[in-house]
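S.K.: Before anything else, here's the structure in question.
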Amino acid sequence: METLNFRFEHGQRRLPAAPQLSGVVSSGNLEVLVESAALNGACTIEIRTAARGFGPIWEAVLGDFQRRWQLADARIAINDMGATPAVVSLRLDQALQAMTGSVP
Amino acid sequence: MSSYLEANARERLQALLDTDSFVEILPPALRIVSPHLGQLDAPVAFDDGVAIGRGRLHGESVFVAAQEGGFMGGAVGEVHGAKLTGLLQLALKERPYAVLLLLETGGVRLHEANAGLIAVSEVMRALLEVRAAGIPVIVLVGGSNGCFGGMGIVARCANAIVISEEGRLAMSGPEVIETANGVEEFDSRDSALVWRTTGGKHRYLLGDCQMLVADNVGAFRQSAFELVQQCHADAAAIPLTLAGLEAEQQLLQQRIASFGQAHDPLEIWTQLGVADAAGLPMLEADAFVAVAADVRLGV
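Note that the protein sequences, when read in sequence, are chains A and B. Start counting the first sequence at 1; every next residue gets the next number (UniProt numbering). Start counting the second sequence at 1; every next residue gets the next number (UniProt numbering).
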């Protein structure tokens, strides 16, 4: 297992208090837990993944995600079992859409 | 989404219970995860593969648990089992109208060895205590992993089981039987044979489940509610009694005496009096239930 941590500063969009879970930890899939948290305007993302050595790809996918959503004071935790970048983006968008009722 | 098979555990709960009535106990944000998987360098899930809580079914208060087949085949580890046991123990205090268990599982999570085995036995004990207190327990089986192993026994400890034709229920799974007894005994790659032997229709004909429904969450919802109402209409039958156990034993002995020499469920169906046994797997749920009405066992 590998644990990756990312932090994006200066977001604008704040989230409702109730946490949101999307996805399932199964082969080629992942679960995304999004919570509101006091982070001085930042969005943090922690990934625990079964696939080692994909840090740069995660960084690119998550950077793209944050550009779309501009989250502030948001804490995201991911348990991954080898999801592809497309699945990662899909689950993140699903979680945020369920939580905010809107699209990026 | 109306397919029970294609929904995940949380989607099933949302569709089964009255709108927005589900309140989760120990939700994912609390991060109560397996203490064992991390040590084995395996991924954890924030709910350890089972969602438990309270909700309403046609306005009645019910306790529910839904296993997530996608996470490690719905297998029961220490935390997963403790959540199920804790839910059942809480039911003893709060006395809901019923407890619904949406089971989809291969049984014990072998990664957690004895902790998983103990967990399953604790679930059985707690389930029987809930029944002894006069609260009906209904099991729903319709996920792609079926209901196997120790949780297959848990299912049969309940008051009633609703199963879909795609659902499967057994003790040992096909691969386990093939590994232990050889491919001549059971070919796990023969899908038609696997469904003839463990699938919902065979279980319904043998009296191992009380209702067979199409693969539809609404059908599961309605059947589960009807079974709960039936249980309450005959409240004395909710606790497991010695007479009930003896009747079950008699049914099993009779089954071995009648079908002990059969090599394929097709032979059993023919022996039961089904006119077109070979055509059974092709029938839609309603048509099948009509054909089964006069011949099924254990009613």
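For glycine and all other residues, C-beta sits at the position ideal for the given N, C-alpha and C. Since the model is a prediction, treat every value here as computed from it, not as a measurement.
1. With burial defined as no fewer than 16 other Cβ atoms inside 10 Å of the residue's Cβ, what is the status of Thr49 of chain A: buried or exposed?
2. What are the boundary residues of the alpha helix (DSSP H) that Cys231 of chain B is part of?
3. In chain B, which residues lie less than 7 Å from Glu31 of chain A when you measure between Cβ atoms?
4. Closer than 8 Å by beta-carbon distance: list the chain B residues that pair up with Asn79 of chain A, in chain order.
5. How is the beta strand (DSSP E) around Leu30 of chain B delimited, first residue to last?
6. Please confirm whether Leu132 of chain B has its beta-carbon closer than 8 Å to some beta-carbon of chain A.
7. Going by beta carbon distance, what residues of the same chain come within less than 6 Å of Met124 of chain B, once the five residues before and after it are set aside?
8. So what does Arg54 of chain B bridge to, in DSSP terms?
9. Would a check of beta-carbon distances place Phe71 of chain B closer than 8 Å to chain A?
10. Answer yes or no: the CB of Ser61 of chain B versus the heavy atoms of the ligand SAH, is any distance below 7 Å?
11. Rounded to whole angstroms, what is the Cα-Cα separation between Gln229 of chain B and Gln222 of chain B?
12. On a CA-only basis, which of A:Ala95, A:Leu15, A:Val24 is nearest Gly41 of chain A? Give me that one, please.
13. Taking the alpha-carbon of Gly81 of chain B as reference, which of B:Arg95, B:Ala66, B:Leu92, B:Glu94 has the nearest alpha-carbon?
14. Which residues, taken in chain order from the segment 47-60 of chain A, show a beta carbon closer than 7 Å to some beta carbon of chain B?
15. Under 8 Å between the Cβ atoms of Val162 of chain B and Leu227 of chain B?
16. Cα-Cα, which of B:Leu169, B:Ser121, B:Ala126 is closest to Ser144 of chain B?
17. Could you tell me which residues DSSP puts in a beta bridge with Gly94 of chain B?
18. Of all the options A:Phe65, A:Ala72, A:Val103, which has the alpha carbon lying nearest to the alpha carbon of Arg13 of chain A?
19. At the 8 Å Cβ level, is Val25 of chain A part of the contact set with chain B, yes or no?
20. With 8 Å as the threshold, decide whether the Cβ of Met99 of chain A is near any Cβ in chain B.
21. Kindly identify the DSSP beta-bridge partner or partners of Gln20 of chain A.
22. Just to confirm, is the Cβ distance from Val275 of chain B to Ile268 of chain B under 8 Å?
23. If you reduce the DSSP assignment to three classes, tell me which class Cys209 of chain B lands in.
24. In the DSSP assignment, find the beta strand (DSSP E) that holds Cys147 of chain B and state where it starts and stops.
25. Taking all protein chains shown into account, decide if Asp174 of chain B is buried (16 or more other Cβ within 10 angstroms of its Cβ) or exposed.
26. Which residues of chain A have a Cβ atom closer than 7 Å to the Cβ of Ala7 of chain B, listed in chain order?
27. Taking only beta-carbon positions, decide if Pro85 of chain A is within less than 8 Å of chain B.
28. One question on the structure: do Val62 of chain B and Tyr97 of chain B come within less than 8 Å of each other, judged by their Cβ atoms?
29. Taking Cβ positions only, does Glu9 of chain A come closer than 8 Å to chain B?
30. For Glu122 of chain B and Ala214 of chain B, which I take to be in contact (beta-carbon distance under 8 Å), what is that distance rounded to the nearest angstrom?
31. Taking only runs that begin and end inside the segment 50-93 of chain A, name each unbroken alpha helix (DSSP H) of 4 or more residues, in chain order.
32. Our contact map puts Val217 of chain B next to Ala15 of chain B with C-beta atoms below 8 Å; I'd like the distance itself, whole angstroms only.
33. Counting only Cβ pairs nearer than 7 Å, list the residues of chain A close to Pro35 of chain B.
34. At 4 residues or longer, and completely inside the segment 63-138 of chain B: list those alpha helix (DSSP H) runs for me, N to C.
M.R.: In short:
1. Along the first sequence, one-based indexing puts residue 49 of chain A at 49. With 16 or more other Cβ atoms within 10 Å, it is buried.
2. Walking along the second sequence from the start, residue 231 of chain B turns up at place 231. From DSSP, the alpha helix (DSSP H) with Cys231 of chain B extends over 217-233.
3. In the first sequence, counting from the first residue as 1, residue 31 of chain A sits at position 31. Near Glu31 of chain A (Cβ distances below 7 Å), the residues of chain B are Ala45, Phe46.
4. Working through the first sequence from its first residue, we reach residue 79 of chain A at position 79. By Cβ distance, chain B contributes Pro43, Val44, Ala45, Phe46.
5. Start at 1 with the first residue of the second sequence, and residue 30 of chain B comes out as number 30. Leu30 of chain B -> no beta strand (DSSP E), and no H or E assigned at all.
6. Locating residue 132 of chain B in the second sequence gives position 132, counting from the first residue. In the sequence on display, residue 132 of chain B carries Ala and not Leu. No, because no Cβ of chain A sits closer than 8 Å to the Cβ of Ala132 of chain B.
7. Taking the second sequence and counting its residues from 1, the one referred to as residue 124 of chain B is at position 124. Val154, Cys157.
8. Here residue 54 of chain B refers to the residue found at position 54 when the second sequence is read from its first residue. For Arg54 of chain B, which the question treats as bridged, DSSP gives the partners B:Val23, B:Phe63.
9. In the second sequence, the residue the question calls residue 71 of chain B occupies position 71. Chain A contact via Cβ: present.
10. The model on display carries no ligand, and the ligand SAH is accordingly not part of it.
11. As a working mapping, residue 229 of chain B is identified with position 229 in the second sequence. As a working mapping, residue 222 of chain B is identified with position 222 in the second sequence. Cα-Cα distance, rounded: 11 Å.
12. On the first sequence, position 41 is the one that residue 41 of chain A refers to. Closest by alpha carbon: A:Leu15.
13. As a position in the second sequence, residue 81 of chain B is number 81, starting the count at 1. The shortest Cα separation from Gly81 of chain B among B:Arg95, B:Ala66, B:Leu92, B:Glu94 belongs to B:Ala66.
14. Arg48, Ala50
15. For the purposes of this step, residue 162 of chain B is identified with residue 162 of the second sequence, where counting begins at 1. For the purposes of this step, residue 227 of chain B is identified with residue 227 of the second sequence, where counting begins at 1. Result yes, Cβ atoms of Val162 of chain B and Leu227 of chain B sit closer than 8 Å.
16. Here residue 144 of chain B corresponds to residue number 144 of the second sequence, with the count starting at 1. Of the candidates B:Leu169, B:Ser121, B:Ala126, the one whose C-alpha sits nearest the C-alpha of Ser144 of chain B is B:Leu169.
17. Translated into positions along the second sequence, residue 94 of chain B becomes position 94. For clarity, residue 94 of chain B is Glu in the given sequence; the question names Gly instead. None, per the DSSP bridge assignment.
18. As a working note, residue 13 of chain A is residue 13 in the first sequence. Closest option to Arg13 of chain A, Cα to Cα, is A:Ala72.
19. Position 25 of the first sequence, counted from the start, is the residue given in the question as residue 25 of chain A. Yes, Val25 of chain A lies at the interface with chain B (some Cβ there is under 8 Å from its Cβ).
20. Counted from its first residue, the first sequence places residue 99 of chain A at position 99. Chain B, which has no Cβ nearer than 8 Å to the Cβ of Met99 of chain A, makes this no.
21. Mapped onto the first sequence, residue 20 of chain A falls at position 20. A:Val34, per the DSSP bridge assignment.
22. Along the second sequence, read from residue 1 onward, the residue named residue 275 of chain B stands at position 275. Along the second sequence, read from residue 1 onward, the residue named residue 268 of chain B stands at position 268. The sequence as given places Ala at residue 275 of chain B; Val does not occur at that position. Against a cut-off of 8 Å, the Cβ pair of Ile268 of chain B and Ala275 of chain B comes out as no contact.
23. Numbered from its first residue, the second sequence carries residue 209 of chain B at position 209. It is coil, neither helix nor strand.
24. Start at 1 with the first residue of the second sequence, and residue 147 of chain B comes out as number 147. Per DSSP, Cys147 of chain B belongs to no beta strand (DSSP E) and is neither H nor E.
25. Taking the second sequence and counting its residues from 1, one reaches residue 174 of chain B at position 174. Residue 174 of chain B is actually Pro in this sequence, not Asp. It is buried - the Cβ of Pro174 of chain B has at least 16 other Cβ atoms within 10 Å.
26. The count along the second sequence starts at 1 and reaches residue 7 of chain B at position 7. In chain order: nothing, as chain A lies at least about 11 Å away.
27. Indexing the first sequence from 1 puts residue 85 of chain A at position 85. Closer than 8 Å: no.
28. For this step, residue 62 of chain B is matched to residue 62 along the second sequence. For this step, residue 97 of chain B is matched to residue 97 along the second sequence. The answer is yes: Cβ separation under 8 Å.
29. Taking the first residue of the first sequence as 1, we reach residue 9 of chain A at position 9. Output row for Glu9 of chain A: interface = no.
30. Translated into positions along the second sequence, residue 122 of chain B becomes position 122. Translated into positions along the second sequence, residue 214 of chain B becomes position 214. Incorrect: roughly 34 Å between the Cβ atoms, too far for contact.
31. 55-69
32. Taking the first residue of the second sequence as 1, we reach residue 217 of chain B at position 217. Taking the first residue of the second sequence as 1, we reach residue 15 of chain B at position 15. So it is a contact: roughly 4 Å between Cβ atoms.
33. Position 35 of the second sequence, counting from 1, holds the residue named residue 35 of chain B. Ordered by position in chain A, no residue passes the 7 Å Cβ test against Pro35 of chain B, which lies about 15 Å from the chain.
34. 78-94, 113-132
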